[in-house]
Amino acid sequence: MDSLKPKPETAHLLDDLQSIRDLLEEDLLPPLLTETLSADDIPLLSEIVPLDEEEDEPYPAALPLRLKQSLHTEAQLILQKVVDDFVPQIEAELKRRLEARLERLLALHKP
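Note that numbering that gives the first Met the number 0 has the sequence shown beginning at 0, numbered continuously upward.
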């Protein structure tokens with residue numbers, strides 16, 4: 000029967016396992032629960048991510064006015080395209096209603 004003495008080939012594996020166990024048992028709690036941090040120890044996002052220089056400069060006052068005019072012009076063009084698309088349908092509906100009304104009026108005054 001084999002004794003409890005490990006074989007020489009596996010002795011270094013057991014030593015490695017024991018050293019890992021010793022390392023794990025040194026700190027029973029995670030480091031974040033045992034350490035205390037002051038407000039100065041916590042980094043701010045602005046310290047990590049640099050700000051772009053363009054963001055520091057305000058936009059010129061003329062830019063919003065120019066943008067507003069451009070948007071207004073584009074909106075007018077879109078509205079005109081929509082109106083142009085529906086004009087034939089509107090004309091056809093008006094013509095149909097006028098003809099129906101004319102027929103009713105003529106039918107009322109027919110002797």
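We put the CB at the ideal spot given by N, CA and C, even for glycine.
Name the two residues that bound the continuous alpha helix (DSSP H) containing residue i.
i, result
"Glu-8", "No alpha helix (DSSP H) holds Glu-8; DSSP gives it neither H nor E."
"Ser-45", "44-47"
Out of curiosity, what's the CA-to-CA distance linking residue i and residue j?
i, j, result
"Ile-47", "Thr-35", "21 Å"
"Gln-88", "Ser-69", "30 Å"
"Val-81", "Ser-45", "48 Å"
"Leu-78", "Arg-100", "31 Å"
"Glu-98", "Pro-63", "51 Å"
"Arg-20", "Thr-9", "17 Å"
"Leu-93", "Leu-76", "25 Å"
"Asp-150", "Ser-37", "Past the edges of the chain, shown from 0 to 110, lies residue 150, and the structure says nothing about it."
_Which runs of the alpha helix (DSSP H) at least 4 residues long sit entirely within the region 58-86? Give them in chain order._
Restricting attention to alpha helix (DSSP H) runs no shorter than 4 residues, the region 58-86 encloses none.
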